[in-house]
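Residue numbers for the sequence shown follow the UniProt record's numbering, so the first one is 1 and each next one is one higher. Even glycine gets a Cβ: it sits at the ideal position worked out from N, Cα and C. Notes follow once the structure below has been shown.
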Amino acid sequence: MKITLVKKILADGSPCAKCRDVQQKLEENDQLRFIDQTLIADMRDEQSPGLQLARKYNVERAPFFVVEEEGREPQIYTVYFKLVKDVLQKKAEESKLAS
1 MKITLVKKIL ADGSPCAKCR DVQQKLEEND QLRFIDQTLI ADMRDEQSPG
51 LQLARKYNVE RAPFFVVEEE GREPQIYTVY FKLVKDVLQK KAEESKLAS
(Lines of atoms letter the chains of each structure in order from A and count residues from 1; the text may use other names and numbers.)
(Lines give C-alpha, C1' and ligand atoms only; values in the text may rest on other atoms or scores of the structure.)
Protein backbone atom coordinates (compact mmCIF):
# COMPACT_ATOMS: atom_id res chain seq x y z
CA MET A 1 0.00 0.00 0.00
CA LYS A 2 1.24 3.46 -0.91
CA ILE A 3 -0.19 6.63 0.65
CA THR A 4 0.47 10.01 -0.94
CA LEU A 5 -0.37 13.26 0.86
CA VAL A 6 -0.98 16.33 -1.30
CA LYS A 7 -0.65 19.72 0.39
CA LYS A 8 -1.37 23.11 -1.15
CA ILE A 9 0.69 26.29 -1.39
CA LEU A 10 -1.55 29.30 -1.98
CA ALA A 11 -1.04 31.86 -4.76
CA ASP A 12 0.64 34.23 -2.29
CA GLY A 13 3.19 31.54 -1.38
CA SER A 14 1.77 30.73 2.04
CA PRO A 15 0.88 27.18 3.09
CA CYS A 16 -2.78 26.20 3.26
CA ALA A 17 -3.99 26.43 6.88
CA LYS A 18 -5.98 23.19 6.72
CA CYS A 19 -2.91 21.42 5.30
CA ARG A 20 -0.86 22.65 8.27
CA ASP A 21 -3.53 21.38 10.67
CA VAL A 22 -3.63 17.94 9.07
CA GLN A 23 0.19 17.72 9.00
CA GLN A 24 0.22 18.55 12.73
CA LYS A 25 -2.40 15.85 13.48
CA LEU A 26 -0.38 13.29 11.51
CA GLU A 27 2.73 14.19 13.53
CA GLU A 28 0.97 14.27 16.92
CA ASN A 29 -0.66 10.86 16.31
CA ASP A 30 2.55 9.23 14.99
CA GLN A 31 0.84 8.64 11.63
CA LEU A 32 3.33 10.46 9.43
CA ARG A 33 5.33 7.21 9.26
CA PHE A 34 2.52 5.72 7.16
CA ILE A 35 2.72 8.47 4.51
CA ASP A 36 5.00 7.29 1.72
CA GLN A 37 5.12 10.50 -0.29
CA THR A 38 4.17 14.15 0.11
CA LEU A 39 3.51 16.28 -2.96
CA ILE A 40 2.91 20.01 -3.16
CA ALA A 41 0.05 21.52 -5.15
CA ASP A 42 1.59 24.94 -5.75
CA MET A 43 -1.06 27.33 -7.03
CA ARG A 44 1.72 29.43 -8.59
CA ASP A 45 2.90 26.50 -10.75
CA GLU A 46 0.34 24.68 -12.91
CA GLN A 47 2.88 21.88 -13.46
CA SER A 48 3.56 21.20 -9.77
CA PRO A 49 3.25 17.48 -8.98
CA GLY A 50 0.41 18.00 -6.51
CA LEU A 51 -1.69 20.00 -8.98
CA GLN A 52 -1.09 17.37 -11.67
CA LEU A 53 -2.33 14.66 -9.30
CA ALA A 54 -5.33 16.81 -8.31
CA ARG A 55 -6.27 17.19 -11.98
CA LYS A 56 -5.78 13.48 -12.64
CA TYR A 57 -8.22 12.54 -9.87
CA ASN A 58 -10.49 15.58 -10.21
CA VAL A 59 -9.85 16.76 -6.65
CA GLU A 60 -10.45 20.39 -5.75
CA ARG A 61 -9.77 20.28 -2.00
CA ALA A 62 -6.53 20.17 -0.11
CA PRO A 63 -5.08 18.42 1.62
CA PHE A 64 -6.01 15.11 0.10
CA PHE A 65 -4.63 11.60 0.19
CA VAL A 66 -4.25 9.00 -2.56
CA VAL A 67 -4.19 5.42 -1.28
CA GLU A 68 -2.92 2.89 -3.80
CA GLU A 69 -3.13 -0.85 -3.32
CA GLU A 70 -1.99 -3.40 -5.86
CA GLY A 71 -4.83 -4.64 -8.04
CA ARG A 72 -7.28 -1.96 -6.87
CA GLU A 73 -8.34 1.47 -8.07
CA PRO A 74 -6.69 4.28 -6.10
CA GLN A 75 -8.85 5.62 -3.27
CA ILE A 76 -9.01 9.39 -2.76
CA TYR A 77 -9.56 10.83 0.71
CA THR A 78 -10.27 14.52 1.20
CA VAL A 79 -11.19 14.11 4.87
CA TYR A 80 -8.37 13.29 7.31
CA PHE A 81 -10.65 11.55 9.84
CA LYS A 82 -12.07 9.22 7.16
CA LEU A 83 -8.51 8.27 6.13
CA VAL A 84 -7.71 7.52 9.77
CA LYS A 85 -10.82 5.38 10.18
CA ASP A 86 -10.53 3.51 6.86
CA VAL A 87 -6.75 3.19 6.45
CA LEU A 88 -4.41 4.47 9.15
CA GLN A 89 -5.96 2.60 12.09
CA LYS A 90 -5.54 -0.68 10.18
CA LYS A 91 -1.95 0.18 9.30
CA ALA A 92 -1.20 1.00 12.95
CA GLU A 93 -2.67 -2.34 14.04
CA GLU A 94 -0.66 -4.21 11.39
CA SER A 95 2.46 -2.37 12.53
CA LYS A 96 1.89 -3.43 16.15
CA LEU A 97 1.35 -7.06 15.15
CA ALA A 98 4.51 -7.08 13.06
CA SER A 99 6.70 -5.87 15.92
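Out of LEU53, MET1, LYS85, GLU68, state which residue places its alpha-carbon closest to the alpha-carbon of LYS7.
Per the Cα distances, LEU53.
If you draw a straight line from the alpha carbon of LEU83 to that of TYR77, how long is it in whole angstroms?
Their Cα atoms are separated by approximately 6 Å.
Where does PRO74 sit, in a helix, a strand or coil, going by DSSP?
In this structure, PRO74 counts as coil in the three-state DSSP scheme.
My assumption, with CB atoms under 8 Å, is that residue 116 sits in contact with PHE34. Please give the rounded CB distance.
Past the boundaries of the shown model lies residue 116; the chain is included only from 1 to 99, so the question cannot be answered.
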